[in-house]
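Numbering (our numbering), first residue to last: 327 to 559.
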Ligand code: HPA
């Protein structure tokens, strides 16, 4: 038991998939896991453990943004001994060459959050994906014939930015997409000696203003799930 996860010790697998939306976690459990057992319902942040192709795996929602994500990831690492974490989510494209529904593997995560500035007393930490997971995810995506990009993302604290042009500065420095969790995930995984990766599908483009439909998101979500399971198992 931890403050936000009321699961007994041993109820959570060493490999876990982390969507933002708890109903996505339920959908993943129902469609990709054999014999899923629910381990959390505190705040309706559903979590499940089951098997995929014989290997034990968990899935849990973390909510949106780094403060919420951090609470769950801290407890998963510190209290449940989770070792491999794959965020499965969406990002906004910051690059004309990165199209709706493409996959983005976040090699590193810049941030406009102050969380690491506070943690590292004003100095800058460079949150990075685990190379082993990055390599596996990339190979899986290529083998599956999926359009995939590897590079830095921006983990932002604001979905609705005050300055609608701010993303262009990050884009000029090679940042591929914007999302809201990877920097904290990577930092915490490093702290606890675990491995993490953020596997993202492009849901919208800040370059063109286009966005995917719900039906399109469903199809690309399935492809991302296949890559994520190849990666953590
Ligand atoms: N901003 C932040 N997070 C996101 C976005 C975005 O435009 N799209 C998908 N996740």
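All residues carry an ideal CB built from backbone N, CA and C; glycine is no exception.
The structure presented is a predicted model; accordingly, all values stated were derived computationally and were not measured.
Per DSSP, the bridge partner or partners of residue 521: 410
With 16 other Cβ atoms within 10 Å as the buried cut-off, status of residue 375: buried
Proximity test, residue 359 beta-carbon vs the ligand HPA heavy atom, cut-off 7 Å: no
First through last residue of the alpha helix (DSSP H) which encompasses residue 382: Here residue 382 belongs to no alpha helix (DSSP H); instead the beta strand (DSSP E) covers 381-386.
Residue environment, residue 478, which counts as buried when at least 16 other CB atoms sit within 10 Å: buried
Run of the alpha helix (DSSP H) containing residue 458, from where it starts to where it stops: 457-469
heavy atom of the ligand HPA below 7 Å from residue 529 C-beta: yes
Near the ligand HPA: residue 437 beta-carbon under 7 Å from a heavy atom: no
Straight-line Cα distance separating residue 360 from residue 532: 38 Å
Cβ neighbours of residue 487 in the same chain (closer than 8 Å, five flanking residues each side left out): 493
Euclidean distance between Cα positions of residue 527 and residue 345: 12 Å
Limits of the alpha helix (DSSP H) - the one that residue 354 falls within: 348-358
Residues near residue 537 by beta carbon distance below 7 Å, same chain, minus five either side: 529 and 530
When 395, 405 and 422 are compared against residue 415, the one with the closest alpha-carbon: 395
Assigned exposure category for residue 510 - 16 Cβ within 10 Å defines buried: buried
Cβ-based burial, residue 422 [other Cβ within 10 Å; buried from 16]: exposed
Which listed residue (470, 417 and 460) has its alpha carbon closest to that of residue 523: 460
Supposed contact pair residue 373 and residue 331 - C-beta distance, whole angstroms, cut 8 Å: 7 Å
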